[in-house]
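Residue 303 in full-length UniProt numbering is what sits at position 303 of the sequence shown, and the numbering runs on without skipping anything.
Every residue, glycine too, gets a C-beta built ideally from N, C-alpha and C.
From a predicted model like this one, the values you see are computed outputs, not experimental measurements.
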Amino acid sequence: MKDSELKERLESYLGKRLQGTVEIANMVSLSGGACQENFSADIKVNGGPESGQYQTVYRTDKGASLLASLSRINEFKVCRMAFEAGVKTPEPFWLESDNSVTGNPFYFMKRIQGKATGRFVVKDPSLNKVRKQITQELAENLARIHSVTPEKCKDEKLKEVLNLGQHVSGKTVAQGSVQALRFQLESMDGAYPAMEIILNWLEKNAPESDAAVLIHGDFRTGNFMVNSEGLQGIVDWEFAHWGDRHEDLTWLCMRDWRFGKLNKEAGGFADRSEFYEIYEKAAGVKLDPVKIRYWEVMGNLRWAIGCIGQAERHLSGKDKGIELASIGRRACEMEYEAMRLIEESIK
């Protein structure tokens, strides 16, 4: 569908829904993720109970969805749940689940300021004075995300979706993750002996998990917006699920998300110990070093398999793109890092 046709359809749809005349201006395609598409849009509503002007982002599906990624409907519900828990994330609204409007479900969310680009976050001089503040804000907001538990989720269908088909208690959290990764690996062409070794180690060393909490699933540099005033919002909730809090905490600290600032283990912008200390205080918990190592190994394997999967999307012709093709070469870097962490754990 052409952008002009999409704009006309949305104006007509919103006009009926909001009981007024709707004008959409400055509708511009933004960089999207692997399975979703975003448009910036200024919306003016004349008449009706929601009359006013809105600076929004329109979010919908694009291409093939990735394994374990949420539908736009469930993603909206997670965003809403996190927003109501006090997490600094763009407020979502105007969900539409009917495919007949534009071809896919969609929703709008408030447009926020800032940039999420990794190299901007870790290197831009305009952030030099606020990186400590950003560290504080991110740790506190991650604690708020993890304050959401299955017991607090009132939507039974969403609660089940976020289980990812497993019982989220005890060792089953780690074992379920290992099983899912093994399934993905076995479905891929070719042999990956290093990944098999890593999987075997994860299977053998699965720890008891903490009580299940809401996991963002991709909490890293690149998925939060910042500017010279600090954190503006956490975005991209498509991989949210119930799980062990150490998963989010170590995903942020993976070597691949430091964007050249390898000495700053927390996302390339802070010391890991500093970030963890602020988080522990905000969440009222004590982190386990053994679980930290374990879930960091798991994260590197997860991303290694993800890199192969991204390249395969390009090679198969499903979603052509030079970025997808180039990501495939990163898999060996994650294999090496996971093996290095395992070696350190047994010294």
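Bounding residues of the alpha helix (DSSP H) (the contiguous stretch that carries residue i)
| i | result |
| --- | --- |
| arginine 182 | 172-186 |
| glycine 15 | 3-18 |
| asparagine 99 | That residue, asparagine 99, is in no alpha helix (DSSP H); it is neither H nor E in DSSP. |
| tyrosine 294 | 289-316 |
| isoleucine 327 | 322-327 |
| arginine 144 | 131-145 |
Helix, strand or coil at residue i according to DSSP, with G and I counted as helix
| i | result |
| --- | --- |
| isoleucine 73 | helix |
| glutamine 166 | coil |
| serine 51 | coil |
| phenylalanine 120 | helix |
| lysine 115 | strand |
| alanine 266 | strand |
| valine 28 | strand |
| methionine 254 | coil |
| glutamate 196 | helix |
| lysine 110 | strand |
| phenylalanine 259 | coil |
| proline 125 | helix |
| phenylalanine 93 | strand |
| alanine 331 | helix |
| valine 87 | coil |
| alanine 191 | coil |
| lysine 152 | helix |
| glutamate 344 | helix |
| arginine 220 | coil |
| glutamate 247 | helix |
Cβ-based neighbour list, residue i, same chain, cut-off 6 angstroms, excluding 5 preceding and 5 following
| i | result |
| --- | --- |
| alanine 41 | Ile24, Met27, Thr56 and Tyr58 |
| glutamine 113 | Asn227 and Gln232 |
| arginine 255 | Glu337 |
| residue 351 | Because residue 351 is not part of the residues shown, which for the chain are 1 to 347, the question remains open. |
| glutamine 310 | Leu324 and Ile327 |
| glutamate 11 | Val22 and Ile24 |
Residue i Cβ short of 7 angstroms to the ligand GTP heavy atom set
| i | result |
| --- | --- |
| valine 22 | With respect to small molecules bound, the structure shown includes none, and the ligand GTP cannot be examined in it. |
8 angstroms Cβ cutoff met for residue i and residue j
| i | j | result |
| --- | --- | --- |
| asparagine 300 | alanine 338 | yes |
| leucine 138 | phenylalanine 76 | no |
| valine 178 | leucine 164 | no |
| glutamate 335 | alanine 180 | no |
| aspartate 236 | aspartate 218 | yes |
| glycine 230 | glutamine 166 | no |
| glutamate 91 | lysine 115 | no |
| tyrosine 276 | leucine 287 | yes |
| phenylalanine 108 | phenylalanine 93 | yes |
| threonine 135 | glutamate 274 | yes |
| alanine 240 | valine 78 | yes |
| tryptophan 242 | valine 168 | yes |
| alanine 174 | alanine 212 | no |
| valine 122 | arginine 9 | no |
| glycine 118 | glycine 222 | yes |
| cysteine 307 | arginine 340 | no |
| glutamine 184 | isoleucine 305 | yes |
| lysine 152 | serine 209 | no |
Nonlocal neighbours in the same chain, by C-beta distance under 7 angstroms from residue i, ignoring five residues either side
| i | result |
| --- | --- |
| alanine 283 | Ala143 and His146 |
| alanine 158 | Residue identity check: residue 158 is leucine in the sequence provided, not alanine. Cβ within range, chain order: Asn74 and Lys77. |
| leucine 6 | Thr102 |
First through last residue of the beta strand (DSSP E) which encompasses residue i
| i | result |
| --- | --- |
| glutamine 232 | 230-234 |
| valine 213 | 213-215 |
| tyrosine 276 | Element bounds for tyrosine 276: not the beta strand (DSSP E) but the alpha helix (DSSP H), 272-283. |
| histidine 241 | 241-243 |
| leucine 158 | It is not in any beta strand (DSSP E) - leucine 158 instead sits in the alpha helix (DSSP H) that spans 156-161. |
| asparagine 227 | 224-227 |
Opposing strand residues paired with residue i [DSSP bridges]
| i | result |
| --- | --- |
| alanine 41 | Thr56 |
| methionine 339 | Beta-bridge pairing links methionine 339 to no other residue. |
| asparagine 205 | Answer is none; asparagine 205 lacks a bridge partner. |
| glutamate 23 | Lys44 |
| aspartate 61 | Gln36 |
Nonlocal neighbours in the same chain, by C-beta distance under 8 angstroms from residue i, ignoring five residues either side
| i | result |
| --- | --- |
| glycine 15 | Thr21 and Val22 |
| valine 161 | Leu70 and Asn74 |
| residue 360 | For residue 360 there is no data in the structure shown, the boundaries of the chain being 1 and 347. |
| valine 290 | Pro207 |
| aspartate 98 | Pro105 |
| lysine 129 | Ser228 |
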